[in-house]
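Numbering (my numbering), first residue to last: 7 to 455.
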């Protein structure tokens, strides 16, 4: 917010420096049908704030965080949304599809979907304070979770249908204003184009998160399931026995979680030496697992056993999530990312103060629009050839190298382009095109007899 206020201050000084020019342009139109530069900036910043601060439904934060820490956590999420909004869209899409899958699955049948969303965001924790955020752990607590009333979850939420509807209406209204300016052949400033992109993306985020509780500060403690001993960290366990079985992994890391069920899951054999239960590390991740980690935010190093909350971009881990669902989530992310860049390309022929600024805008918007397509094409090809590549290690290594090049080489360029598209809308305010201060004539859309 301090950065935004500073940019407003700079733009206001620019407005004073060019007051005479702007007044001459405003005089070209009816004084009752004009707008001020400050009105443009304020309207855009208010919309961006609503799209990045208000619209984002965070996961449940760690316990005992102070007010300042909570605000900084929310500010971090806001910065993610400003720089790479498709990351938040992907999180919203993943949680929506995961929640729907949990609600409809024969293993869980967790309805209404609000309960499923609460699982995805780390809203339910065990009596030991560990989140119930993995499907195999959820199966042990599903009966207890079903007994929790939806009203109890609603009490934790800071939003309702009315507040979410008002937020969506704000984004739709800004979109309608921009479309009306295009229809009446009025110039649309670069800051309005950038804000329009945020408004369109935020609408998709809000729709995916419509049933997700908003701004939950504390989780709900779920009573222990019958026949399940609360799990405990392996790293703190020492005993003169060797344990075998009962170790569950969801990725290639050395250890994730460990719990005990009656009689069937754990086999215990005595040993003359003192040992510690361990889990052998899985092989290096395959191409599919690398794609999942780089694009779908799998958390191989996360353990609900050793945590009291879930990460920011986390959705419940489902080991049996079909590849088709992963591809659908990826398609949503790439479509929104490409659309976000394509909206910036609308200002391709807009008048810029300098040639260099024009080419910076064109190149940045083109890369932001094209990068998701490049990444998506490679992902689709990789998933299609996954079975063949496993039998041919040379090609597997080649595709892994290309993936790392695209991700780690393209992401810094993408961030640089996004920063350009954030800064240029403010720098171009010093020289607005003719007609930019003319307001929309809404009377033309009112039917006349």
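Ideal Cβ placement from N, Cα and C applies to all residues, glycine included.
Per-residue DSSP class, three states only, for residue i
i	result
residue 372	helix
residue 446	coil
residue 453	coil
residue 335	helix
residue 439	coil
residue 198	helix
residue 131	strand
residue 111	coil
residue 226	strand
residue 309	coil
residue 431	helix
residue 406	helix
residue 163	coil
residue 137	strand
residue 40	strand
residue 322	coil
residue 153	coil
residue 357	coil
residue 61	coil
residue 456	There is simply no residue 456 to check, as the chain begins at 7 and stops at 455 in what is shown.
residue 316	coil
residue 328	coil
residue 192	coil
Straight-line gap, residue i to residue j (C-alpha atoms, nearest Å)
i	j	result
residue 159	residue 120	8 Å
residue 361	residue 383	33 Å
residue 169	residue 177	13 Å
residue 151	residue 145	10 Å
residue 369	residue 188	23 Å
residue 439	residue 91	29 Å
residue 264	residue 133	Reliability fails at residue 264, whose pLDDT of 39 lies under 50, so the model's placement of it is uncertain and the value that follows must be treated cautiously. In a straight line, the C-alpha of residue 264 is about 16 Å away from that of residue 133.
residue 235	residue 344	Residue placement at residue 235 is flagged as unreliable, the pLDDT there being 49, under the threshold of 50; the coordinate-derived value follows with that caveat. Looking at the two C-alpha atoms, the distance is approximately 48 Å.
residue 450	residue 191	13 Å
residue 60	residue 68	20 Å
residue 3	residue 72	Given a span of 7 to 455 for the chain in the structure shown, any question on residue 3 remains unanswerable.
residue 320	residue 452	47 Å
residue 421	residue 118	39 Å
residue 135	residue 44	49 Å
residue 52	residue 58	10 Å
residue 424	residue 55	17 Å
residue 140	residue 218	18 Å
residue 195	residue 379	27 Å
residue 171	residue 400	53 Å
residue 448	residue 183	10 Å
residue 334	residue 312	31 Å
residue 155	residue 223	18 Å
residue 88	residue 97	15 Å
residue 78	residue 70	14 Å
residue 350	residue 137	40 Å
residue 211	residue 157	24 Å
residue 322	residue 131	13 Å
Candidates the options, of which the one nearest residue i by Cα
i	options	result
residue 174	89, 216 and 344	216
residue 329	191, 48, 100 and 439	100
residue 143	309, 161, 67 and 453	309
residue 65	122, 221 and 342	221
residue 427	346, 122, 193 and 107	346
residue 81	97, 62, 93 and 96	62
residue 446	332, 193, 172 and 349	193
residue 332	172, 103, 404 and 316	103
residue 225	75, 315 and 212	315
residue 228	180, 214, 212 and 149	149
residue 416	96, 322, 161 and 381	381
residue 359	157, 437, 349 and 386	437
Residue span of the alpha helix (DSSP H) that contains residue i, given as start and end
i	result
residue 220	Premise fails: residue 220 is in no alpha helix (DSSP H) and is neither H nor E.
residue 84	73-89
residue 49	43-55
residue 351	Neither: residue 351 is in no alpha helix (DSSP H) and is coded neither H nor E.
residue 120	119-126
Looking at C-beta atoms only, is the number of pairs between the stretch 195-202 and the stretch 423-432 that lie closer than 8 Å three or more?
The stretch 195-202 is in contact with the stretch 423-432.
For the stretch 125-140 against the stretch 203-214, do three or more pairs of beta-carbon atoms, one drawn from each stretch, fall closer than 8 Å, so that the two count as touching?
Because the criterion of three Cβ pairs below 8 Å is not met, the stretch 125-140 and the stretch 203-214 do not touch.
Is it the case that the stretch 352-370 contacts the stretch 401-416, given that we only count it when at least three CB pairs across the two stretches are under 8 Å?
With the cut-off at 8 Å, the stretch 401-416 and the stretch 352-370 do not touch.
Please determine if the stretch 329-338 and the stretch 370-380 are in contact, where contact requires at least 3 C-beta pairs separated by less than 8 Å.
Three or more Cβ pairs closer than 8 Å define a contact, and the stretch 329-338 falls short of that threshold against the stretch 370-380.
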